[in-house]
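Numbering (my numbering), first residue to last: 2 to 561.
From the three backbone atoms N, C-alpha and C, an ideal C-beta is built for every residue, glycine too.
Quick caveat, the model's predicted, so the values are computed rather than measured.
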């Protein structure tokens, strides 16, 4: 793409536009023509879709290793044989290639376009697993194929010269940032989301002030709301784990902040803070909750019936946790169980704030909820401030409260979900085969009159249970259809990707938009488009209105 020419100079029409010489000893400020010369250098160094490429490079080099080597993913055990395990040691992604029946061919983007192939690389892992009485180490085991973004570090076009690009039949001015799935070019749209772990003070459906935080980590997501029941009520905490609203003071006491003076001083000492906290303290005193143990018992009685806890600690560990909370010797087992469940919920409350169970080497350290207490008090303070001054309410459409999910983050969510499902299937298959193996071994040993016949003969080999097509199919299906379905985080999005066949209109039902190749600007605009996460059928004026904070962020002619 040739560098743009500077705008034609014109004669100054007013005295203010005339050049004023600088004082002696100072350099002249840069003119408009001087600044225009920086644009080609910026485009050459950074490009226009570098955000997508950097996000994908970070996933390939760092994030995929964090997912595979996480504590909950790196080791698979069996319920049938306690000595069996499979452990992941390392992971890397190879060069783009095509695996045929009898050959392994290195591919280029143009080859995939012409032959309707997927431009992808093998995901290779180093594993060790038990086979009989020995531990086997295997390197470079393929667990799936990852579609490769053009111009990324894995792509053959990365750092290629103009001559090399022309030799591979590629345009040197093509910015990249898209995928090739079965010969079709696909682009992952940037997803506009509300910022996680950030306090948003707004009005609810009843026109009452509430402070909302959506907390998110790699393993959990939770939504915590601090709100008012009425104009003359104190502060309450709303969470999906409880059957009703919980007084905020009781929640603080359950996390170890028992003193009324400490709670009030932590929230604030202004008149609006003290008046609001008096009502909140009265709500807690009316329920007869004054200590941490009483608060935990109160929370345990308000919990919803959970069929499957997310990650319940072992019984021995749970008793150690309850003991750290100050359980009295006369407590019953049912009370201790409820208090333990309440502590589990508190650990998952405001999950983005450090504090909770830290189990290293089998030794559980005491719980530290001080960070969560301070953050909850900050939410209470902001809710009280907004009730006394409505100008302190936050605007959900303000662009500082938004975050953009790029291609690397979207693929990381999808890969983690597919990798966990693959591990679950491996565990099920190994348990089934080990059960069958031990049944056959015991019957053969009984007939032969000895304890074991061929201890390693017929022992299941885990490499046969690794379905490398599961991750491959999931990746290709998601990018080709644009449907991002992640059950673990209850994510169900459509229209995440764009497609490139030249069609006059796109289907509004699937929300897949056309990536036009009629011009360079049209293709570039499609690759930098932002998708908002609100239903187009709803009559909402806020997301459709022009927000001043979008100035310099979004294109005025191609806004979401």
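Grab me the residues of residue i's own chain with a C-beta within less than 7 Å of its C-beta, minus the 5 sequence neighbours each way, in chain order.
i: residue 132; result: 460, 462
i: residue 193; result: 403, 405, 531, 532, 533, 534, 561
i: residue 299; result: 251, 288, 290
i: residue 217; result: 197, 198, 353
i: residue 75; result: 69, 88, 89
i: residue 326; result: Confidence in residue 326 is poor, its pLDDT being 47 and thus under 50, which makes the residue's placement too unreliable to answer from.
i: residue 485; result: 411, 415, 479, 492, 494, 497
i: residue 105; result: 98
i: residue 302; result: 339
i: residue 109; result: 157, 169
i: residue 313; result: In this prediction, residue 313 has a pLDDT of 42, which is less than 50 and means its spatial position is unreliable; nothing more can be read from the coordinates.
i: residue 554; result: 400
i: residue 336; result: 298
i: residue 395; result: 201, 202, 203, 402
i: residue 66; result: 92
i: residue 286; result: none
i: residue 391; result: none
i: residue 50; result: 176, 177, 178, 528, 529
If you drop the 5 nearest sequence neighbours on each side, which residues of the same chain put their C-beta closer than 8 Å to that of residue i?
i: residue 594; result: A question about residue 594 goes unanswered here, because the residues of the chain that appear run from 2 up to 561.
i: residue 378; result: 253, 264, 267, 268
i: residue 556; result: 526, 529
i: residue 545; result: none
i: residue 116; result: 184
i: residue 153; result: 54, 57, 58, 61, 159, 177
i: residue 111; result: 169, 170, 171
i: residue 151; result: 110, 120, 158, 175, 177, 178, 179, 180, 181
Rounded to whole angstroms, how far is the Cβ of residue i from the Cβ of residue j, which I believe are closer than 8 Å?
i: residue 427; j: residue 77; result: 6 Å
i: residue 550; j: residue 399; result: 5 Å
i: residue 91; j: residue 126; result: 7 Å
i: residue 227; j: residue 255; result: Not confirmed; about 15 Å, so no contact.
i: residue 408; j: residue 93; result: Residue 408 to residue 93, Cβ: 19 Å. No contact.
i: residue 467; j: residue 142; result: 7 Å
i: residue 370; j: residue 483; result: With a Cβ gap of about 41 Å, residue 370 and residue 483 do not count as contacting.
i: residue 274; j: residue 375; result: With a Cβ gap of about 15 Å, residue 274 and residue 375 do not count as contacting.
i: residue 304; j: residue 342; result: 6 Å
i: residue 397; j: residue 203; result: 6 Å
i: residue 147; j: residue 476; result: 6 Å
Just list the residues that DSSP pairs residue i with in beta bridges.
i: residue 89; result: 128
i: residue 230; result: None; residue 230 has no bridge partner.
i: residue 350; result: Partner(s): none; residue 350 has no beta bridge.
i: residue 211; result: 203, 228
i: residue 243; result: 304
i: residue 78; result: 86
i: residue 123; result: 146
i: residue 532; result: 192
i: residue 272; result: DSSP output for residue 272 lists no bridge partner at all.
i: residue 94; result: 124
i: residue 100; result: 105
i: residue 238; result: 227, 247
i: residue 136; result: 131
i: residue 222; result: 217
Going by beta carbon distance, what residues of the same chain come within less than 6 Å of residue i, once the five residues before and after it are set aside?
i: residue 552; result: none
i: residue 247; result: 238
i: residue 386; result: 393
i: residue 277; result: 385
i: residue 145; result: 124, 469, 472, 473
i: residue 173; result: 163, 166
i: residue 414; result: 487
i: residue 139; result: 128
i: residue 113; result: 120, 181
i: residue 436; result: 81
Kindly examine the ligand MN and report whether one of its heavy atoms sits closer than 7 Å to the Cβ of residue i.
i: residue 187; result: In the structure on display, the ligand MN does not appear, and there are no ligands present to speak of.
Review point. Counting Cβ pairs, one atom from each stretch, are 3 or more of them under 8 Å apart for the segment 426-434 and the segment 241-251?
Key: No, the segment 426-434 does not touch the segment 241-251.
Review point. How do the segment 78-93 and the segment 159-177 stand: do at least 3 beta-carbon pairs fall below 8 Å, yes or no?
Key: No, because fewer than three Cβ pairs between the segment 78-93 and the segment 159-177 fall closer than 8 Å, the two stretches do not touch.
Point to revise | Every unbroken beta strand (DSSP E) inside the segment 139-202 [3 residues or more] | key: With a minimum length of 3 residues, the continuous beta strand (DSSP E) runs that stay inside the segment 139-202 are 180-182, 185-189, 191-195.
Exercise for review: Would you mind listing the alpha helix (DSSP H) stretches within the segment 29-58 that are 4+ residues and don't spill past its ends, in chain order?
Suggested key: Complete alpha helix (DSSP H) runs here, min 4: 33-37, 39-46.
Check your understanding: Contact between the segment 30-47 and the segment 111-124: three or more CB pairs below 8 Å?
Key -> Counting C-beta pairs closer than 8 Å gives fewer than three between the segment 30-47 and the segment 111-124, which falls short of the contact rule.
Check your understanding: For the segment 153-160 against the segment 183-191, are there 3 or more C-beta pairs whose distance is under 8 Å?
Key -> Touching, no.
Check your understanding: Are the segment 173-184 and the segment 48-57 in contact at 8 Å, needing three or more beta carbon pairs?
Key -> Yes: the two stretches touch, three or more of their Cβ pairs being nearer than 8 Å.
Point to revise | Length-filtered (4 minimum) alpha helix (DSSP H) runs lying within the segment 365-450 | key: Qualifying alpha helix (DSSP H) stretches, in chain order: 371-389, 408-449.
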